[in-house]
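Peer 1: With our numbering applied, the sequence shown corresponds to residues 62 to 334, in that order.
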Amino acid sequence: MRIAEGPLARSACEPHDGRPDRPRRPTVRRRVPRRRGIVAATCSAHAGVRRADGRGRRVSVVFTPRGVLVVKLAALGVLGLSAGGLGLLVWHARDLEHLGDPLAQPIPFSHKHHVGDDGIDCRYCHTTVETAARAGLPSTGVCLTCHDQLFRDQPMLGTLHRSMAQDRPIAWQRVHVLPDFVYFNHSVHVAKGVACIECHRRVDQMPLTWRASPLQMQWCLACHRDPAPHLRPRSEVFAMDAPRVAPAQAAELARAVHLESPRRMTDCSTCHR
Ligand code: HEC
Ligand code: HEC
Ligand code: HEC
Ligand code: HEC
Ligand code: HEC
Numbered sequence: 062m063r064i065a066e067g068p069l070a071r072s073a074c075e076p077h078d079g080r081p082d083r084p085r086r087p088t089v090r091r092r093v094p095r096r097r098g099i100v101a102a103t104c105s106a107h108a109g110v111r112r113a114d115g116r117g118r119r120v121s122v123v124f125t126p127r128g129v130l131v132v133k134l135a136a137l138g139v140l141g142l143s144a145g146g147l148g149l150l151v152w153h154a155r156d157l158e159h160l161g162d163p164l165a166q167p168i169p170f171s172h173k174h175h176v177g178d179d180g181i182d183c184r185y186c187h188t189t190v191e192t193a194a195r196a197g198l199p200s201t202g203v204c205l206t207c208h209d210q211l212f213r214d215q216p217m218l219g220t221l222h223r224s225m226a227q228d229r230p231i232a233w234q235r236v237h238v239l240p241d242f243v244y245f246n247h248s249v250h251v252a253k254g255v256a257c258i259e260c261h262r263r264v265d266q267m268p269l270t271w272r273a274s275p276l277q278m279q280w281c282l283a284c285h286r287d288p289a290p291h292l293r294p295r296s297e298v299f300a301m302d303a304p305r306v307a308p309a310q311a312a313e314l315a316r317a318v319h320l321e322s323p324r325r326m327t328d329c330s331t332c333h334r
């Protein structure tokens, strides 16, 4: 048993000089009974030795050094596991925090009104969704094409007019945020017929925008393993109420857009470049 002979174990034995435990000062003697367990546990040489502290009691041997080590390691293991488990729970909770939870915005912009009621196309505001990795958010000028006149004096739009006057963009809160080490590209998905609703759900019914998909790796992979059932005709990519197409038509769409091989779709370097 190596540990018992190590410096720690020895230092616990040193005051005893290989002789039965003899307290040097009365104060120590008073402390002895309380420390009994520790002395007995760390000093193998004196385990079970009759003590010379005048009381003639036998030191109880609770654990052998090996036993102590096992108990310590087990305790450490339990501690580590529970700390890890707790960390994982917190991490997971944070991750799903905004799922279905509308985010407060500097201006309470409503897709429900602008898309659902007024029928404005996604591309009017998210201008680069077909051509770039990012869909892009509308500049203040885009809002003002209508609100220069419309609801001009609404206090709700004060932030909008201040943004224009000060030439400062509106600080929209990000609803979807992928970690930096993940590569995502809107234009590829749009080009192959993956509709906005596949990932963002019914934005046209959201008074304030919320995240409807978890954006976890497993979620991406679930579709990448078998994307065909998620495809729609190109004309329905921006529609909010287009149903999924029948399996036969989906297979046809998949052939028409020449989908990448399943191997390429699930290759690590596709999303981590
Ligand atoms: C009139 C302009 C306008 C139109 C039209 C519009 N949006 Fe938006 N969209 C915004 C603004 C402004 C934001 C930022 C505020 C917010 O998150 O609600 C936004 C945010 C979003 C977000 C969240 C972005 C983030 O932070 O992750 C998604 C997703 C989105 N829009 C999808 C759509 C889809 C899909 C359509 C079409 C069905 C659409 N939008 C049409 C203006 C518009
Ligand atoms: C395959 C899933 C998927 C589809 C389809 C999709 N999006 Fe997104 N969208 C995402 C992800 C993931 C993000 C977060 C990107 C990031 O953090 O880099 C995002 C972010 C956004 C944003 C925030 C700004 C940005 O570009 O990061 C807007 C706006 C948006 N999407 C609009 C749309 C619109 C409009 C469509 C339909 C034409 C659409 N999205 C289709 C997954 C998708
Ligand atoms: C194409 C015209 C158009 C554009 C562009 C537009 N809006 Fe609107 N907005 C409207 C109309 C129409 C209403 C009234 C909607 C309703 O009540 O159905 C409205 C209403 C609003 C309201 C009042 C609350 C509500 O939702 O009814 C706010 C706030 C608003 N818009 C903010 C914005 C912002 C911010 C932008 C830019 C990202 C923007 N709008 C772009 C047409 C537009
Ligand atoms: C609903 C289905 C679906 C979801 C969800 C989805 N994708 Fe895709 N993805 C596709 C399809 C379909 C393609 C087109 C493949 C092709 O080019 O043939 C694609 C292509 C891509 C490409 C380009 C691949 C290439 O090299 O051509 C990247 C990168 C990508 N997706 C990343 C992501 C990430 C990251 C997520 C999760 C945040 C995600 N995708 C979620 C369906 C999906
Ligand atoms: C279709 C896109 C996609 C592919 C393919 C993909 N990943 Fe990921 N990966 C993601 C996304 C999205 C995240 C971010 C998940 C999150 O934030 O919860 C991620 C996160 C990770 C993480 C961080 C830990 C985690 O789970 O959050 C690691 C490690 C990782 N991926 C490794 C891999 C490896 C190894 C492969 C190849 C076997 C791979 N990924 C293939 C999209 C992908």
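A virtual CB, placed ideally from N, CA and C, is assigned to each residue, including glycine.
1) Give me, in chain order, the residues of the same chain whose beta-carbon lies closer than 6 Å to that of Leu164; leave out the 5 immediate sequence neighbours on both sides.
2) DSSP three-state label for Val255, please.
3) Verify whether the separation of the beta carbon atoms of Phe245 and His333 is less than 9 Å.
4) Can you confirm whether the stretch 266–274 touches the stretch 286–298 when touching is taken to mean that 3 or more C-beta pairs between the two stretches lie within less than 8 Å?
5) Label Leu142 either buried or exposed according to how many other C-beta atoms from any shown protein chain fall within 10 Å of its C-beta, with 16 as the threshold for buried.
6) Who are the Cβ neighbours of Val176 in its own chain at under 6 Å, not counting the five residues just before and after it?
7) Helix, strand or coil: which one does DSSP assign to Arg272?
8) Among the residues of its own chain, which have a CB less than 7 Å from the CB of Thr331, if the five just before and after it don't count?
9) Got a sec: does ligand 1 put a non-hydrogen atom nearer than 8 Å to the Cβ of Met301?
10) If I measure Cβ to Cβ from Ser274 and keep anything under 7 Å in the same chain, skipping five residues before and after, which residues do I get?
11) Out of Gln215, Val249, Cys207, Pro169, which has the shortest C-alpha to C-alpha gap to Pro285?
12) Would you mind sorting Val129 into buried or exposed? The rule is 16 or more other CB atoms within 10 Å of its CB.
13) So Asp308 is in the alpha helix (DSSP H); what residue range does that whole segment cover?
14) For the alpha helix (DSSP H) containing Trp280, name the first residue and the last one.
15) Report back the beta-carbon spacing between Ile231 and Pro169 to the nearest angstrom; my notes put them in contact at under 8 Å.
Peer 2: Straight from the coordinates:
1) Hits under 6 Å: Gln234, Val236.
2) Three-state DSSP puts Val255 in a strand.
3) Here Phe245 is not near His333, since their CB atoms are 9 Å or more apart.
4) With a cut-off of 8 Å, the stretch 266–274 and the stretch 286–298 do not count as touching, because too few Cβ pairs lie within range.
5) Sixteen is the threshold: since fewer than 16 other Cβ atoms of the shown chains lie within 10 Å of the Cβ of Leu142, the residue is exposed.
6) If we look at Val176 and ignore the five residues flanking it on each side, its Cβ neighbours are Asp265.
7) Of the three classes helix, strand and coil, the one that applies to Arg272 here is strand, per DSSP.
8) Around Thr331, the same chain offers Arg325 as residues with beta carbons nearer than 7 Å, after the five sequence neighbours per side are excluded.
9) Yes; taking the cut-off as 8 Å, the Cβ of Met301 has a heavy atom of ligand 1 nearer than that.
10) Cβ within range, chain order: Cys260, Trp280.
11) Inspection of the sequence shows that residue 285 is occupied by His rather than by Pro. Of the candidates Gln215, Val249, Cys207, Pro169, the one whose C-alpha sits nearest the C-alpha of His285 is Val249.
12) Looking at its Cβ environment, which holds 16 or more other Cβ atoms inside 10 Å, Val129 is buried.
13) Strictly speaking, residue 308 in this sequence is Pro, with Asp absent from that position. Looking at the DSSP string, the run of the alpha helix (DSSP H) that includes Pro308 is 308–317.
14) Annotation for Trp280: the continuous alpha helix (DSSP H) segment containing it runs 278–286.
15) With 8 Å as the limit, Ile231 and Pro169 do not qualify as a contact, their Cβ atoms being about 12 Å apart.
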